[in-house]
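Notes to accompany the following structure.
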Amino acid sequence: MPPRYPYGGGRRSDEAHPQTAEAQMQPLSHDQNAYPTYDMGAEPTSPPHVSYDPYMPTSTSRDHTGYEMPSANYYNDDRVSYPPPVGSPHMSNPYSHSQPHRGAADPFDDHENNVPLLPRDGNNYSYAPASHFDEHGNHIGPIDKYADGDDDVMDEDAVNGPAHGRLLRPNGADPDDYMPGGFDPNVLENGQANGVRYGKIPQRVPRRYKTLKRVELYHGNLVLDCPVPSKLLDKLNDRESREFTHMRYTAATCDPDNFKDERYTLRQVLFDPPRRTELFIVLTMYNEDEQLFTRTMHGVMTNIAHLCTRERSKTWGKEGWKKVVVCIVSDGRLKINSRTLACLAAMGVYQEGVGKNVVNGKPVTAHIYEYTAQLSIDPSMHFKGREKGIMPVQILFCLKERNQKKINSHRWFFNAFGQILQPNICVLLDVGTMPRPRSIYHLWKAFDINSNVGGACGEIVALKGKYWSALVNPLVAAQNFEYKMSNILDKPLESVFGYITVLPGAFSAYRYIALQNDATGQGPLCSYFKGETLHGGQSDADVFTSNMYLAEDRILCWELVSKRDSAWILHYVKSAQAVTDVPDQVPELISQRRRWLNGSFFAGIHSIIKFGYIYRSSHSFGRKFALHIEIIYQTIQLIFSWFGMANFFIAFWILTTAMSEKVNALKVPNQVLSYVYIAFIIFCFLLSMGNRPAGSKFGYTLAMVVFALLTLYMTGAAVYLAVDSITNATATGGGGAEALITNEIFVNIVISLAATFGVWMLASLMFLEPWHMFTSIIQYLLMAPTFVNVISIYAFANINDISWGTKGSDKVMTDLGVVGGAGNNQVEVAIPTESKDINDAYDDAIHVLSNKPPREGPAQVDRDQKQADYYATVRTNVVLCWSLSNAALVVGILNISSNGTRVTYMAFLLYSVAGLAAFRMLGSTVYLIKRLFSGE
Numbered sequence: 001m002p003p004r005y006p007y008g009g010g011r012r013s014d015e016a017h018p019q020t021a022e023a024q025m026q027p028l029s030h031d032q033n034a035y036p037t038y039d040m041g042a043e044p045t046s047p048p049h050v051s052y053d054p055y056m057p058t059s060t061s062r063d064h065t066g067y068e069m070p071s072a073n074y075y076n077d078d079r080v081s082y083p084p085p086v087g088s089p090h091m092s093n094p095y096s097h098s099q100p101h102r103g104a105a106d107p108f109d110d111h112e113n114n115v116p117l118l119p120r121d122g123n124n125y126s127y128a129p130a131s132h133f134d135e136h137g138n139h140i141g142p143i144d145k146y147a148d149g150d151d152d153v154m155d156e157d158a159v160n161g162p163a164h165g166r167l168l169r170p171n172g173a174d175p176d177d178y179m180p181g182g183f184d185p186n187v188l189e190n191g192q193a194n195g196v197r198y199g200k201i202p203q204r205v206p207r208r209y210k211t212l213k214r215v216e217l218y219h220g221n222l223v224l225d226c227p228v229p230s231k232l233l234d235k236l237n238d239r240e241s242r243e244f245t246h247m248r249y250t251a252a253t254c255d256p257d258n259f260k261d262e263r264y265t266l267r268q269v270l271f272d273p274p275r276r277t278e279l280f281i282v283l284t285m286y287n288e289d290e291q292l293f294t295r296t297m298h299g300v301m302t303n304i305a306h307l308c309t310r311e312r313s314k315t316w317g318k319e320g321w322k323k324v325v326v327c328i329v330s331d332g333r334l335k336i337n338s339r340t341l342a343c344l345a346a347m348g349v350y351q352e353g354v355g356k357n358v359v360n361g362k363p364v365t366a367h368i369y370e371y372t373a374q375l376s377i378d379p380s381m382h383f384k385g386r387e388k389g390i391m392p393v394q395i396l397f398c399l400k401e402r403n404q405k406k407i408n409s410h411r412w413f414f415n416a417f418g419q420i421l422q423p424n425i426c427v428l429l430d431v432g433t434m435p436r437p438r439s440i441y442h443l444w445k446a447f448d449i450n451s452n453v454g455g456a457c458g459e460i461v462a463l464k465g466k467y468w469s470a471l472v473n474p475l476v477a478a479q480n481f482e483y484k485m486s487n488i489l490d491k492p493l494e495s496v497f498g499y500i501t502v503l504p505g506a507f508s509a510y511r512y513i514a515l516q517n518d519a520t521g522q523g524p525l526c527s528y529f530k531g532e533t534l535h536g537g538q539s540d541a542d543v544f545t546s547n548m549y550l551a552e553d554r555i556l557c558w559e560l561v562s563k564r565d566s567a568w569i570l571h572y573v574k575s576a577q578a579v580t581d582v583p584d585q586v587p588e589l590i591s592q593r594r595r596w597l598n599g600s601f602f603a604g605i606h607s608i609i610k611f612g613y614i615y616r617s618s619h620s621f622g623r624k625f626a627l628h629i630e631i632i633y634q635t636i637q638l639i640f641s642w643f644g645m646a647n648f649f650i651a652f653w654i655l656t657t658a659m660s661e662k663v664n665a666l667k668v669p670n671q672v673l674s675y676v677y678i679a680f681i682i683f684c685f686l687l688s689m690g691n692r693p694a695g696s697k698f699g700y701t702l703a704m705v706v707f708a709l710l711t712l713y714m715t716g717a718a719v720y721l722a723v724d725s726i727t728n729a730t731a732t733g734g735g736g737a738e739a740l741i742t743n744e745i746f747v748n749i750v751i752s753l754a755a756t757f758g759v760w761m762l763a764s765l766m767f768l769e770p771w772h773m774f775t776s777i778i779q780y781l782l783m784a785p786t787f788v789n790v791i792s793i794y795a796f797a798n799i800n801d802i803s804w805g806t807k808g809s810d811k812v813m814t815d816l817g818v819v820g821g822a823g824n825n826q827v828e829v830a831i832p833t834e835s836k837d838i839n840d841a842y843d844d845a846i847h848v849l850s851n852k853p854p855r856e857g858p859a860q861v862d863r864d865q866k867q868a869d870y871y872a873t874v875r876t877n878v879v880l881c882w883s884l885s886n887a888a889l890v891v892g893i894l895n896i897s898s899n900g901t902r903v904t905y906m907a908f909l910l911y912s913v914a915g916l917a918a919f920r921m922l923g924s925t926v927y928l929i930k931r932l933f934s935g936e
């Protein structure tokens, strides 16, 4: 008995199949869910892309092919209810197993071989790849001689070879070398020297004519269901459900805020019953290459596979993948990396040539591709499928037409797609960040355990390379230490208080309901998306607000905790780790930290000034008291960061001066080094005011090296003074502890520094992660003056730069006319040729010169220039205030005060650092205790 399809009386293969010219030209209404049909003649055509309507009632009419239409339930019994594929018992199949397909006459094909069909499940047939090979595995045809070579994504020529499963096929010279796009250099056009492809997916000349069909728009929206390539289908385990055999394309012509109001929808809500989205994961990208994309995407698919292995979970299990949707938002169609797009095409998510620029006179703002992928591609460009534990993943790929920044991508995610899916938990990831196999589960579990958790983040781990080889670079090692200590001391402390100042956008999660605005439209998302207009040239925002929204994720965290009539808290999940690459070049590091420092500084001031918002929330008295303690701690941290440049120089001067008092020969060299220190501070100011890091790499690198050498000398001075104090104390006081305690240098330097390093080591051991203390601490100490001096100076000197790297409009101007081609290497240009027209134009010019110009008023400065001047003025004032306040502190401590005051201030600095470290370790200890009993 043939399999039952939900279409009623489908025409059998032995019935007539009328095809008339009138029927072929009949417009398709949206309730006519026409499936791909094939011409019965000798020239087979590619399947057309047609749209489907889940909203229309059940239709019993037949389309022009004579097949009955599907029911209104777009998806039936949790699978898509579509017409059967070609070759099924319910559809006339011109390419049945008894009638092998004979290639039609083609100017590009000199073969006319019969291509046998390979049986599939359900008596469907597909082309057999083995028919193209002889018994020895050699390719015997047919060969498609396109100008760009063979276009197989996962090449059939490598099915039985050593490269089976690879995305790139080996070339002829070396089996270990792989050509981009699966190109075979043995198949080249006559006279073609090199056929290697590295760029975009090639635009081939089609061998078969396309079928043009009229598609009726549904409420003005273009929605197409496109069959996935048969070569991809052959690799899949599940080929039955429509979500695996077809990719759905939607051309969105609206703003993301109006996505739902414009009657757009997504696949998940069209199932019967609709699928509930528990996890909604977004991957934001710009122009990242395929290595970064596959690192993140494969990590996400591995996490989803882990969710499906949790059989005893009430939420997850074997069908858990149906509760997860992965949204990929790419910022700019012309900006996306072509090889990244090829990876998406290889997975079946993207198809070239489907997208449209304009629909019914409205420009397309985003191209949305929906597909449930069963294959993953790892960073080594290998396919991974069900045999490797990969489960199906529902993918929503949003390719924005224009580059509008990351915050706009999040607006598509939250306001457009989130409104349709209504997810429980939203996970934010940057392309390039790879979550560990169980990280997303641990992140989700934090919300499941505590219903008050509104946001959570995991641990960001610096990518250290194979055998930790990346730590050879001091920039990477210093950042590795910084990341580790932040995740051991800072994040756990803030998690105990309930307010984490920043949930990194590279890897964090939010409860969707917690982010929603109130009835008046005010709330976390409203405040978060203000940054889009501030940095898009659409606002006259002041410098403070503009820089504050460089760290918009900090604004979101504060608005979430202080949300009116709510009691949401933020939580740190130590077991949820994600690996990301850190800047390994000086210009990249300085540019990244400029945005981080300016954003965090002004966002910190904002949270301190707006701390009263905490009283509008519904937090308990104990939670509000804890938040008061945290805000005092944040204020102290902010003050130390403001005076960091002065305090570092004071410490350098006091230590070197104290050593010169012990060794008279070092007095002059120490004085010279102090002048060198001041000279390079001035050098950094001059460099930062007008030179980009990328354009002055040598200057910034030189400053970093000089400050590292000065720090090394200062560290040597501290060690010398510590040893000398211990020696003197033991010599004069009999070596007892009392003699050491009464020694001023020992108490001020040795004890404070030992306390600081002791806290770092003890906390690292408590978290069972002490290795960075051995591999990265020296690099961090040498890089400390770079963070304090070089990067801070550059950040404050560029607070007028609030750019996110967004380029200008890509619109092509046509006010000067358009030059059109006329063939034969000629063009058509509209120019005046009549004598009267030429003379009239000349008379107009003479007339203009014969009249005196009107007296001009004051020059009008355009809006952008006014804003730039305002920002530059504020920048000058802030830099002046910052530099003068630091200079005043240096002068007050070193020149006005007495020697005893200097020593006291030095002790204050060292013990403040030790005290803050001890306070953070106390918070980390409480976090570990709570973690033991929370079941994370």
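Counting in the UniProt record's numbering, the sequence shown runs from 1 upward without gaps. Where a beta carbon is used, it is the ideal one built from N, C-alpha and C, also for glycine. Note that the structure is a prediction, hence the values are computed from the model and not measured.
Which value, in whole angstroms, describes the spacing of the CA atoms of residue i and residue j?
{"i": "residue 131", "j": "residue 232", "result": "For residue 131, the pLDDT reaches just 40, beneath the cut-off of 50, and the residue's location in the model is therefore unreliable, although a value from the coordinates is still provided. Their backbone Cα atoms lie some 17 Å apart in a straight line."}
{"i": "residue 464", "j": "residue 582", "result": "9 Å"}
{"i": "residue 929", "j": "residue 298", "result": "34 Å"}
{"i": "residue 669", "j": "residue 715", "result": "16 Å"}
{"i": "residue 461", "j": "residue 579", "result": "5 Å"}
{"i": "residue 242", "j": "residue 223", "result": "15 Å"}
Check the DSSP bridge columns for residue i and list the partner residues they point to.
{"i": "residue 327", "result": "282 and 396"}
{"i": "residue 308", "result": "Looking at the DSSP assignment, residue 308 forms no beta bridge with any residue, so it has no partner."}
{"i": "residue 430", "result": "284"}
{"i": "residue 362", "result": "359"}
{"i": "residue 251", "result": "222 and 367"}
{"i": "residue 320", "result": "In the DSSP output, where bridge partners are listed per residue, residue 320 has none listed."}
{"i": "residue 457", "result": "508 and 572"}
{"i": "residue 577", "result": "459"}
{"i": "residue 383", "result": "377"}
Measure from the C-beta of residue i to each C-beta in chain C and report whether the shortest distance is under 9 Å.
{"i": "residue 338", "result": "Included in the structure is just one protein chain, with no chain C present."}
For residue i, which of the options has the nearest alpha-carbon?
{"i": "residue 569", "options": "619, 756, 660 and 553", "result": "619"}
{"i": "residue 320", "options": "746, 256 and 311", "result": "311"}
{"i": "residue 515", "options": "701, 559 and 664", "result": "559"}
{"i": "residue 663", "options": "724, 644, 730 and 261", "result": "724"}
{"i": "residue 763", "options": "434, 918 and 875", "result": "918"}
{"i": "residue 889", "options": "644, 710 and 295", "result": "644"}
{"i": "residue 251", "options": "635, 235, 362 and 613", "result": "362"}
Exposed or buried, residue i, counting other C-beta atoms within 10 Å across all chains shown (16 or more means buried)?
{"i": "residue 933", "result": "exposed"}
{"i": "residue 881", "result": "exposed"}
{"i": "residue 456", "result": "buried"}
{"i": "residue 323", "result": "buried"}
{"i": "residue 780", "result": "buried"}
{"i": "residue 564", "result": "exposed"}
{"i": "residue 360", "result": "exposed"}
{"i": "residue 698", "result": "exposed"}
{"i": "residue 872", "result": "exposed"}
{"i": "residue 675", "result": "exposed"}
Worksheet item: Taking contact to mean at least 3 C-beta pairs separated by less than 8 Å, is the segment 272 to 287 in contact with the segment 342 to 357?
Response: No contact exists between the segment 272 to 287 and the segment 342 to 357.
Worksheet item: Counting Cβ pairs closer than 8 Å, one from the segment 898 to 917 and one from the segment 468 to 481, do we hit at least three?
Response: Counting C-beta pairs with one atom in each stretch, the segment 898 to 917 and the segment 468 to 481 have fewer than three that are closer than 8 Å, which means they do not touch.
Worksheet item: If you pair each beta-carbon of the segment 343 to 352 with each one of the segment 376 to 388, do three or more pairs fall below 8 Å?
Response: By the C-beta criterion, the segment 343 to 352 is judged to be in contact with the segment 376 to 388, since at least 3 inter-stretch pairs fall below 8 Å.
Worksheet item: Do the segment 254 to 273 and the segment 408 to 419 touch if we need at least three Cβ pairs shorter than 8 Å?
Response: Output reads yes: the segment 408 to 419 touches the segment 254 to 273.
Worksheet item: Would you say the segment 611 to 629 touches the segment 481 to 491, given that touching needs at least three Cβ pairs under 8 Å?
Response: Verdict: no, contact absent.
Worksheet item: With contact counted as at least three CB pairs below 8 Å, one residue from each stretch, are the segment 511 to 528 and the segment 589 to 597 in contact?
Response: A contact is defined here as three or more CB-CB pairs under 8 Å, and the segment 511 to 528 fails this definition with respect to the segment 589 to 597.
Discussion item. Does the contact criterion of 3 or more C-beta pairs under 8 Å hold for the segment 362 to 376 versus the segment 387 to 401?
Written reply: They touch, by the three-pair rule.
Practice prompt. Would you check if the segment 629 to 638 and the segment 766 to 775 touch, i.e. whether three or more CB-CB distances between them fall below 8 Å?
Written response: These segments do not touch.
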